[in-house]
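As structure tokens, the structure follows; a few thoughts come after it.
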Amino acid sequence: MKKSILILLAVLISFNLFAWNALEGTENVLPEKPYKVAALLKTLQNPFWVAMRDGLQEEAERLGIQLDVYAAQTENDMSGQLAIMESIVQKDYDAILFAPITPTNLIPAIVEANKKGIVVANLDAAIDFEKLNQAGGHVVGFVSTNNYNVGKMAAQYIANLIGEGEVAVIEGIAGEVSSENRKNGFLDEIKKYENIKVVSVQPANWDRMRALDVATNMLTSFPNIKAIYACNDTMALGAAQAVFNMGKSGKVHVVGTDGIPEALQAVQSGRMSATIAQDPAGIGVATLRVAIFTLNAMNGEVPAQLITK
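Each residue of the sequence shown is one higher than the one before, starting from 1138 at the first, in the working numbering.
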């Protein structure tokens, strides 16, 4: 019975619904014990992850559980994040939530956590589930925005905005799942518009200064670019700076992803044309509830819920 519950939960979460719908009603699932939970994020240098941390901490306080939040120094620090995860696994946590920098960098530590009986849940950025399974590891659930649809939304907006012309894409870390899905969603959707041509797709590793350099090179090599889609707002802000530096403000539109405060201000001021907002706090809270639900099931009891009109 417990195994069936956990399998069903993993299936529900894998739909990648916008953070919340798959877990509607789980706000009533309270911890059976004062669990200790660790959350490992990519970094706290990006407001997106800060918002996720804040959502996690607020929910942990509501649930009356201990939550410790960890993060790598940057969104490029793959080995550093693995070292943190390995350290977390050696502590007495009941559950670990994690957002991997790449689809594979945390696999060894996840396998070790599984061996120790720690509940492990994947949030926002997907692990490579096939390679994890091959290594003998597993997670109990995955919660994320549908990033492919995020890319499609950006493509539709840009196509309607410019009508025709050349566009470019700045992706995050090449091969990272969130970045790949956003990029592919954009590229697949923009193909539907015959008068729009993608002239350049380059990574900037989620980094603002690198995106500034990448966008500058793009605009130099392809001076007729009308729009740039960046797979997160940090890179979009770097691209917007490049547009400004080259005297192309109002001529080149920049669209980002995440809806962080500085990007919203940039949209308001006209430095960026748009951003595709996510709900990082909701993603974090939903993943924490996955872990609590699973821990309760492992302890042999899932609380009953009162349902009224």
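Ideal placement from N, C-alpha and C gives every residue a C-beta, glycine not left out.
Measuring alpha carbon to alpha carbon, tell me which residue in the options is nearest residue i.
i, options, result
"Leu1432", "Ile1247, Pro1237, Glu1196, Val1257", "Val1257"
"Val1206", "Trp1186, Ala1364, Glu1249", "Trp1186"
"Tyr1294", "Asp1191, Lys1363, Tyr1230, Val1392", "Val1392"
"Val1134", "Lys1363, Val1304, Asn1342", "No answer is possible for residue 1134: it lies beyond the span of the chain, which begins at 1138 and ends at 1446."
"Ala1448", "Ala1348, Asp1395, Ser1358", "Past the edges of the chain, shown from 1138 to 1446, lies residue 1448, and the structure says nothing about it."
"Lys1253", "Gly1273, Glu1313, Glu1169", "Gly1273"
"Asn1270", "Leu1167, Pro1184, Glu1249", "Glu1249"
"Gln1218", "Thr1353, Phe1381, Thr1241", "Thr1241"
"Glu1331", "Gln1415, Ala1311, Gly1302", "Gly1302"
"Leu1371", "Ala1403, His1275, Ala1311, Ile1244", "Correcting the residue identity first, residue 1371 is Thr in this sequence and not Leu. Ranking Ala1403, His1275, Ala1311, Ile1244 by Cα distance to Thr1371 puts Ala1403 first."
"Ser1130", "Leu1243, Arg1199, Ile1225", "A question about residue 1130 goes unanswered here, because the residues of the chain that appear run from 1138 up to 1446."
"Ala1379", "Met1409, Ala1208, Glu1195", "Met1409"
"Ala1506", "Lys1446, Asp1416, Val1427", "What is shown of the chain runs 1138 to 1446, which leaves residue 1506 out entirely."
"Thr1282", "Asn1297, Asn1259, Leu1204", "Asn1259"
"Ala1296", "Asp1214, Ile1333, Asn1286", "Ile1333"
"Asp1229", "Phe1266, Gly1407, Leu1204, Ala1434", "Leu1204"
Can you tell me the Cβ-Cβ gap for residue i and residue j, rounded? I've got them flagged as a contact below 8 Å.
i, j, result
"Ala1236", "Tyr1172", "Between Tyr1172 and Ala1236 the Cβ distance is about 20 Å, and since that is not below 8 Å, they are no contact."
"Gly1288", "Gly1322", "3 Å"
"Ile1238", "Lys1179", "6 Å"
"Ala1292", "Glu1317", "Rounded, the Cβ-Cβ distance is 15 Å, inconsistent with contact."
"Glu1212", "Asn1183", "7 Å"
Give me the DSSP bridge partner(s) of residue i.
i, result
"Phe1235", "Leu1177, Asn1259"
"Tyr1207", "Leu1177"
"Gln1271", "None, per the DSSP bridge assignment."
"Lys1334", "Glu1303"
"Phe1279", "Asn1259"
"Arg1340", "Here the sequence assigns Pro to residue 1340, which means Arg is not the residue at that position. Note: Pro1340 sits in a beta bridge opposite Glu1308."
Confirm, please, whether the CB-CB distance from residue j to residue i is below 8 Å.
i, j, result
"Ala1197", "Glu1223", "no"
"Arg1345", "Thr1394", "no"
"Val1351", "Ile1413", "no"
"Val1422", "Leu1181", "no"
"Ala1400", "Ala1373", "yes"
"Pro1168", "Ile1429", "yes"
"Leu1356", "Lys1385", "yes"
"Ala1311", "Pro1340", "yes"
"Ile1420", "Asp1191", "no"
"Ile1365", "Val1338", "no"
"Ile1202", "Val1226", "no"
"Leu1234", "Thr1424", "yes"
"Asn1369", "Trp1343", "yes"
"Val1277", "Val1427", "yes"
"Ser1315", "Asn1361", "no"
Does the CB of residue i have a neighbour CB from chain C at under 8 Å?
i, result
"Val1336", "Among the chains in the structure shown there is no chain C, since it carries only a single protein chain."
Could you name each continuous beta strand (DSSP E) segment of 3 residues or more that falls completely within the stretch 1350-1433, going from the start of the chain to the end?
Qualifying beta strand (DSSP E) stretches, in chain order: 1362-1367, 1390-1395, 1411-1414.
Which runs of the beta strand (DSSP E) spanning at least 3 residues fall entirely within the stretch 1287-1318, listed in chain order?
1302-1308
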